[in-house]
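Below is one structure, written out as structure tokens; the observations come after it.
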Amino acid sequence: MSRIGKLPISVPSGVDVTIDGQTVTVKGPKGQLSHVVAEPIVVNRDEDGTIAVARPDDLRKSKELHGLSRTLIANLVTGVTDGYEKKLEIVGVGYRVLAKGPTQLEFSLGYSHTITVDAPEGITFVVETPTKFSVQGIDKQSVGEVAANIRKLRKPEPYKGKGVRYAGEQVRRKVGKAGK
Numbered sequence: 078m079s080r081i082g083k084l085p086i087s088v089p090s091g092v093d094v095t096i097d098g099q100t101v102t103v104k105g106p107k108g109q110l111s112h113v114v115a116e117p118i119v120v121n122r123d124e125d126g127t128i129a130v131a132r133p134d135d136l137r138k139s140k141e142l143h144g145l146s147r148t149l150i151a152n153l154v155t156g157v158t159d160g161y162e163k164k165l166e167i168v169g170v171g172y173r174v175l176a177k178g179p180t181q182l183e184f185s186l187g188y189s190h191t192i193t194v195d196a197p198e199g200i201t202f203v204v205e206t207p208t209k210f211s212v213q214g215i216d217k218q219s220v221g222e223v224a225a226n227i228r229k230l231r232k233p234e235p236y237k238g239k240g241v242r243y244a245g246e247q248v249r250r251k252v253g254k255a256g257k
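Under the numbering used here, the sequence shown is numbered contiguously, ending at residue 257.
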């Protein structure tokens, strides 16, 4: 039995969960999210207000989807209550970020031009300092994807560590050329 899949999902007060066949819709104080659960998995609402995810058989596909489906539904509940945030930081001389509104950032990353990044719907940017900013939203997947795309603009390089990195990320350093 899946250790993660058999855990019940607690629903806090102020969150409304609607189960319509394979579609699970979660409404909360921060917004609304929905997810279509893969076919063999069954989602039920228990009498104590929790959500239970069950699988009908022990086929390999059902086992694979059991824990995944439970985690995705739990992420919906967490997203509409608390939201998600990815913090990033920029390392490098002259590298900086400017906020052009809550949904647009302008990066200076050592290229001959600045790079403007627009946020997709449901994502906002918060710039704390010219080298520290965060990506916020209610959908965990889209927050992570936007943060990864921003990091891809200038990945941290291994010799000096310059580039865009996640906060707290350890960059593996290499030694430079050996001088004679």
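Ideal Cβ positions, reconstructed from N, Cα and C, are used throughout, including at glycine. All values derive from a computational prediction rather than experimental measurement.
Report the rounded CA-to-CA distance for T95 versus G169, giving the unit in angstroms.
Numbered from its first residue, the sequence shown carries residue 95 at position 18. Numbered from its first residue, the sequence shown carries residue 169 at position 92. Roughly 48 Å between the two C-alpha positions.
Checking contacts by CB at 8 Å: is P197 closer than that to chain B?
In the structure shown, chain B cannot be found, because there is only a single protein chain.
Taking all protein chains shown into account, decide if A224 is buried (16 or more other Cβ within 10 angstroms of its Cβ) or exposed.
Taking the first residue of the sequence shown as position 1, residue 224 is located at position 147. Buried, since its Cβ has 16 or more Cβ neighbours within 10 Å.
Quick check on I200: does DSSP put it in helix, strand or coil?
For this step, residue 200 is matched to residue 123 along the sequence shown. Strand.
4 or more residues per run - each alpha helix (DSSP H) lying fully within the region 208-232
217-229
Distance CB(R201)-CB(P179) smaller than 8 Å:
Looking up residue 201 in the sequence shown gives position 124. Looking up residue 179 in the sequence shown gives position 102. The amino acid at residue 201 is misidentified as Arg; the sequence shows Thr. Going by C-beta atoms, T201 is nearer than 8 Å to P179.
Let me make sure I understand the geometry here. Which of K138, E234, Y243 and V194 has the alpha-carbon closest to that of R249?
Looking up residue 249 in the sequence shown gives position 172. Selected option, being the one with the closest Cα: E234.
Let me confirm a value: K286 is counted as buried when at least 16 other C-beta atoms fall within 10 Å, else exposed. Which label applies?
The question about residue 286 has no answer here: the residues shown for the chain are numbered 78 through 257.
When the Cα atoms are used, what is the spatial distance from E183 to V114?
Numbered from its first residue, the sequence shown carries residue 183 at position 106. Numbered from its first residue, the sequence shown carries residue 114 at position 37. So the alpha carbons of these two residues sit roughly 38 Å apart.
Runs of beta strand (DSSP E) wholly within the region 103-178 (minimum 3 residues, chain order)
108-113, 119-122, 128-131, 161-168 and 173-176
Pairwise C-alpha distance: G256 and Q213:
Stepping through the sequence shown from its first residue, residue 213 is reached at position 136. Stepping through the sequence shown from its first residue, residue 256 is reached at position 179. Whole-angstrom Cα-Cα distance: 45 Å.
Anyone know if the C-beta pair for V120 and V101 falls short of 8 Å?
As a working note, residue 120 is residue 43 in the sequence shown. As a working note, residue 101 is residue 24 in the sequence shown. Yes, they are a contact pair.
Going by beta carbon distance, what residues of the same chain come within less than 7 Å of N152, once the five residues before and after it are set aside?
On the sequence shown, residue 152 is found 75 positions in, with the first residue counted as 1. Excluding positions up to five away in sequence, the list reads K217.
Using a Cβ-Cβ cut-off of 6 Å (strictly less than) and excluding sequence neighbours within five positions of K163, which residues of its own chain qualify?
What you label residue 163 is simply residue 86 of the sequence shown in a count that begins at 1. For K163, where only same-chain residues beyond five positions count, the Cβ hits under 6 Å are V212, V220 and A224.
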